[in-house]
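Same order as they appear, the protein sequences are chains A and B.
First residue of the first sequence? That's 1 in our numbering, and the numbers climb one at a time after it.
First residue of the second sequence? That's 264 in our numbering, and the numbers climb one at a time after it.
Please read the structure below before turning to the comments.
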Amino acid sequence: NALIKQAGLLKKIIDAIKDLIDEATLDCDNDGIYLQAMDSSHVSLVTFYLKKNLFEKYSCNRNLSLGINMTSIAKILKCGMSDDTLLLETNNPIDILSFKFESRRGHKLSQFQLRLMNLEMERLSIPDTEYSCIIEMMCSEFSKVCHDLATIGDSMTITCTKKNVTFDTTGDLGTGIVSLKQGVVGSENDENVYAASIKIVKPVSLSFSLRYLIYFTKASSLSNKVILHMGEEVPLMVEYKIFNTYEEEAGYLRYFLAPKVNE
Amino acid sequence: PKHQSTLTSFFKKA
């Protein structure tokens with residue numbers, strides 16, 4: 001039983017993953033809702049965690065695993081308005097998830113029911129990783145870099161040093177390289193001139209498929225910053241933090257992407 | 264040339 005103040009937030013989260021994964025389970029316990037799923041080619045994995053404090057009201061008195069078709073849940077969420085409140089409920093036996101939208105002024109109520117699926121999901125354990133480089137930058141900047149370089153090549157090499165992070169690609173037509181300096185350029189109050197914040201233990205350079213990175217940038221509306229976690233010979237983690245309407249951190253959406261490696 | 268690795272070589276089944 002979970003009440004979310006702005007249905008649009010859940011819609012943004014689902015829209016940011018629905019093109020990557022077909023089905024997933026929502027694992028619910030008293031602390032929140034967790035999802036983990038891989039894309040069909042096993043190159044990327046998405047996880048999200050929606051903490052209890054994302055919701056106005058939240059209760060879950062026993063652990064539940066709700067099998068969801070992503071296209072179907074996206075269709076239902078599209079029926080609500082983004083500033084509607086949304087109540088999610090399951091009944092007993094647990095074979096449907098109900099969505100009750102209420103308009104902000106209370107003049108419109110709509111209810112939809114999603115048939116749940118019996119999914120046998122394979123769960124992977126994601127090891128705790130000490131990443132060599134953690135790069136924080138504006139979502140819009142990361143999105144632009146990925147889209148720009150994708151017009152030139154298929155994969156992008158991210159190289160992080162103490163002073164800057166560079167993104168480069170090579171394609172048939174030529175090459176492209178974008179470099180962002182460590183730190184804030186200009187006024188600290190003006191986030192538009194924020195370049196990149198780099199926490200580094202050791203420089204790293206890894207290559208990734210731009211097709212997947214572009215999928216990940218669909219989460220850009222969740223947060224104004226994205227955090228890239230990189231380590232030698234480990235998958236890239238692209239993290240978007242999720243905030244509630246009181247601007248408190250209330251979960252995350254994380255994408256993992258396997259690197260491209262030398263033959 | 265580089266080839267795309269898969270996540271199952273990094274993350275094991277839980």
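Heads up, the beta-carbon is just placed ideally off N, CA and C, and yes, glycines get one too.
Any chain B beta carbon closer than 8 Å to V165 of chain A: Counting from 1 along the first sequence, the entry for residue 165 of chain A is found at position 165. At least 8 Å separates the CB of V165 of chain A from every CB of chain B.
Pair within 8 Å by beta-carbon distance, M137 of chain A and S103 of chain A: Looking up residue 137 of chain A in the first sequence gives position 137. Looking up residue 103 of chain A in the first sequence gives position 103. No; because the gap between Cβ atoms is not below 8 Å, this pair is not in contact.
Alpha carbon of E316 of chain A to alpha carbon of L116 of chain A, nearest angstrom: Lying outside 1 to 263, the shown extent of chain A, residue 316 of chain A is not represented and no answer is given.
Alpha carbon of L206 of chain A to alpha carbon of Y212 of chain A, nearest angstrom: Locating residue 206 of chain A in the first sequence gives position 206, where the first residue counts as 1. Locating residue 212 of chain A in the first sequence gives position 212, where the first residue counts as 1. Computed Cα separation, rounded: 14 Å.
Span separating the alpha-carbon of K181 of chain A from that of T159 of chain A: Here residue 181 of chain A is taken as the residue at index 181 of the first sequence, counted from 1. Here residue 159 of chain A is taken as the residue at index 159 of the first sequence, counted from 1. In this structure, the CA atom of K181 of chain A is about 12 Å from the CA atom of T159 of chain A.
Whole-Å CB distance - F142 of chain A paired with L270 of chain B, under 8 Å assumed: Residue 142 of chain A sits at position 142 when you count from the first residue of the first sequence. Residue 270 of chain B sits at position 7 when you count from the first residue of the second sequence. Rounded to whole angstroms, the Cβ separation of F142 of chain A and L270 of chain B is 21 Å, and the two are not in contact under 8 Å.
Through-space distance from I177 of chain A to I152 of chain A, alpha-carbon basis: Position 152 of the first sequence, counting from 1, holds the residue named residue 152 of chain A. Position 177 of the first sequence, counting from 1, holds the residue named residue 177 of chain A. Distance between the alpha carbons of I152 of chain A and I177 of chain A is about 10 Å.
Short Cβ contact (8 Å threshold) for K100 of chain A with L114 of chain A: Here residue 100 of chain A corresponds to residue number 100 of the first sequence, with the count starting at 1. Here residue 114 of chain A corresponds to residue number 114 of the first sequence, with the count starting at 1. The Cβ atoms of K100 of chain A and L114 of chain A lie no closer than 8 Å to each other.
Opposing strand residues paired with E239 of chain A [DSSP bridges]: For the purposes of this step, residue 239 of chain A is identified with residue 239 of the first sequence, where counting begins at 1. Within the DSSP bridge table, the entry for E239 of chain A names A:I227 and A:R254 as partners.
S65 of chain A versus L97 of chain A - alpha carbon distance: What you label residue 65 of chain A is simply residue 65 of the first sequence in a count that begins at 1. What you label residue 97 of chain A is simply residue 97 of the first sequence in a count that begins at 1. The alpha-carbon atoms of S65 of chain A and L97 of chain A are separated by roughly 11 Å.
Neighbourhood of L253 of chain A by C-beta distance below 7 Å, restricted to the same chain and skipping five residues each side: In the first sequence, residue 253 of chain A corresponds to position 253, counting from 1. Scanning its chain for C-beta atoms nearer than 7 Å, with the 5 sequence neighbours on each side dropped, one finds around L253 of chain A the residues I13, A16, F48, A219, L222, Y240 and I242, in chain order.
Residues of its chain near G32 of chain A, where Cβ-Cβ distance is below 8 Å and the 5 sequence neighbours each way are ignored: For this step, residue 32 of chain A is matched to residue 32 along the first sequence. Residues of the same chain with a CB within less than 8 Å of the CB of G32 of chain A, apart from the 5 flanking positions on each side, are Y49, L50, K51, K52, L54, Y58 and G251 in chain order.
Which listed residue (A:H229, A:L149 and A:L20) has its alpha carbon closest to that of D172 of chain A: One-based indexing of the first sequence puts residue 172 of chain A at position 172. Nearest C-alpha to D172 of chain A among A:H229, A:L149 and A:L20: A:L149.
Identified DSSP bridge partners for R115 of chain A: Here residue 115 of chain A is taken as the residue at index 115 of the first sequence, counted from 1. A:I96, per the DSSP bridge assignment.
Neighbour list for A258 of chain A in chain B, Cβ cutoff strictly below 8 Å: What you label residue 258 of chain A is simply residue 258 of the first sequence in a count that begins at 1. Those are Q267, S268, T269, L270, S272 and F273, listed as they occur along chain B.
Own chain partners of T90 of chain A with C-beta closer than 6 Å, once the 5 adjacent residues on each side are dropped: Taking the first sequence and counting its residues from 1, the one referred to as residue 90 of chain A is at position 90. Taking T90 of chain A as the centre and dropping the five residues before and after it, the same chain places the C-beta of L97 closer than 6 Å to its C-beta, in chain order.
Cutoff 8 Å: N262 of chain A Cβ touching any chain B Cβ: Walking along the first sequence from the start, residue 262 of chain A turns up at place 262. It does: the Cβ of N262 of chain A has a partner Cβ on chain B nearer than 8 Å.
8 Å contact criterion, which D39 of chain A and I68 of chain A should meet: CB distance rounded: Here residue 39 of chain A corresponds to residue number 39 of the first sequence, with the count starting at 1. Here residue 68 of chain A corresponds to residue number 68 of the first sequence, with the count starting at 1. A Cβ-Cβ separation of about 16 Å leaves D39 of chain A out of contact with I68 of chain A under the 8 Å criterion.
Chain B contacts from the segment 40–69 of chain A (Cβ-Cβ distance under 8 Å): Of all residues in the segment 40–69 of chain A, S41, H42, V43, S44 and L45 have a Cβ within less than 8 Å of some Cβ in chain B.
Backbone CA spacing between K163 of chain A and D84 of chain A [nearest angstrom]: Here residue 163 of chain A corresponds to residue number 163 of the first sequence, with the count starting at 1. Here residue 84 of chain A corresponds to residue number 84 of the first sequence, with the count starting at 1. Approximately 45 Å between the Cα atoms of the pair.
Helix, strand or coil at S158 of chain A according to DSSP, with G and I counted as helix: Position 158 of the first sequence, counting from 1, holds the residue named residue 158 of chain A. According to the sequence displayed, residue 158 of chain A carries Ile and not Ser. Three-state result, I158 of chain A: strand.
I227 of chain A, buried or exposed, once every other Cβ within 10 Å from all chains shown has been counted against 16: Counted from its first residue, the first sequence places residue 227 of chain A at position 227. So I227 of chain A counts as buried.
Cut-off 6 Å between Cβ atoms - residues of its own chain near I197 of chain A, not counting five sequence neighbours on either side: Indexing the first sequence from 1 puts residue 197 of chain A at position 197. The sequence shown places Ser at residue 197 of chain A, not Ile. Answer for S197 of chain A: E136, listed in chain order.
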